[in-house]
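Going by our numbering, the sequence shown opens with residue 277, and the numbers climb by one from there. Here a beta-carbon is modelled for each residue, glycine too, at the ideal position from N, C-alpha and C.
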Amino acid sequence: LTTPRLECSNAVQMTLRGELANAAVTAPPQDVIAEYTQGGTSIPVGSLPLVGGARQLSDRLLTAADNPFGTPDMDGHYKIDALGQAIRIGNCRIEGTLVIIDTPLIILTNGITWNCAGDPNAILVTDGTIRLEDVEPTLNESNISVNMNPVTSPYRGTESNNTTGDVYPTELRGVLYTTDDIEIGPLTDGSQLRIEGVMVSNNLTITGNVAIQNFDGILQTPPVPLADWIPMEFVRGTFRRVNVP
């Protein structure tokens, strides 16, 4: 979690007079998942086909302008109550935040191009395990006969057409947040998986070739649910610099 609280855990090279608080900095009190479920557009879990014991979100384009399950959410913020079921996500281009609650497992597989919509934000928020399994290095439109960059949802904001022959790199760009674990396996061809952002989990297990890169802007302008907006301020008269001989 990103918080603007200030802590000094070393020597202060000046003379100060005043009261010092407890040295321990406590974690922000808010429930991140609850914060993210307050808004957004619901996708009924029953609208996802049940295949092999898991609900399938596959061969889909999900953005602020395109929602194959109903009315698009202008912020690209969607949520699913899995009702205790596993969710498998594959061969998708997603541009937005997907919140999935009450799930034991989310499997990311096949080709996936997933970016946050607009400002830095979470792309996946859940209370279940996130597992990357049999992920392919690219998302190929011709394999699924789906146009992933129509004029309503251009790729990277500029590239659009009405064909089904484009190929996109598999990438995850944003914050992956779970109160459970994240497990990242190798890509199907052994190449490097690119993750640009932040992963927050209980345990993180990586068995593949993964490059985790800094996500510009996430610390400068953190998403509201991931920040503790307690203003930093000194209490008037409690701290002052004094001259010493």
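Taking a contact as a CB-CB distance under 8 Å, the pair L400 and C368 does not count as one, their CB atoms being some 12 Å apart. Under the three-state reduction of DSSP, L400 is assigned to strand. Comparing alpha carbon positions, the residue from L480, M475, E371 and G322 closest to S429 is E371.
When the five nearest sequence neighbours on each side are left out, the beta carbons in the same chain lying within less than 6 Å of the beta carbon of P501 are those of V308, E311 and Y312, in order along the chain.
Annotation: the stretch 420 to 470 contains the following complete segments of the beta strand (DSSP E) (minimum length 3 residues), in chain order: 443 to 445, 447 to 454 and 458 to 460. Put simply, the stretch 410 to 417 touches the stretch 440 to 459. At least three CB pairs are less than 8 Å apart. DSSP places E409 in no alpha helix (DSSP H) but in the uninterrupted beta strand (DSSP E) bounded by T405 to V411. In this structure, M350 keeps its C-beta atom at 8 Å or more from the C-beta atom of A358. The criterion of a C-beta distance shorter than 8 Å is not satisfied by N437 and N419. Per DSSP, reduced to three states, the secondary structure at S334 is strand. Per DSSP, T379 lies in no alpha helix (DSSP H) segment and is marked neither H nor E. Just so you know, the alpha carbons of G322 and Q468 end up roughly 34 Å apart. Our two residues, V451 and V327, have alpha carbons roughly 28 Å apart in a direct line. P396 counts as buried, since at least 16 other C-beta atoms from the protein chains shown sit within 10 angstroms of its C-beta.
T347: not part of any beta strand (DSSP E); DSSP gives it neither H nor E. Distance from the Cα of S334 is smallest, within the candidate group Q314, K355, I363 and D342, for I363. Secondary structure note for I319: it is in no beta strand (DSSP E), with a DSSP letter that is neither H nor E.
When beta bridges are read from the DSSP output, I494 appears opposite no residue.
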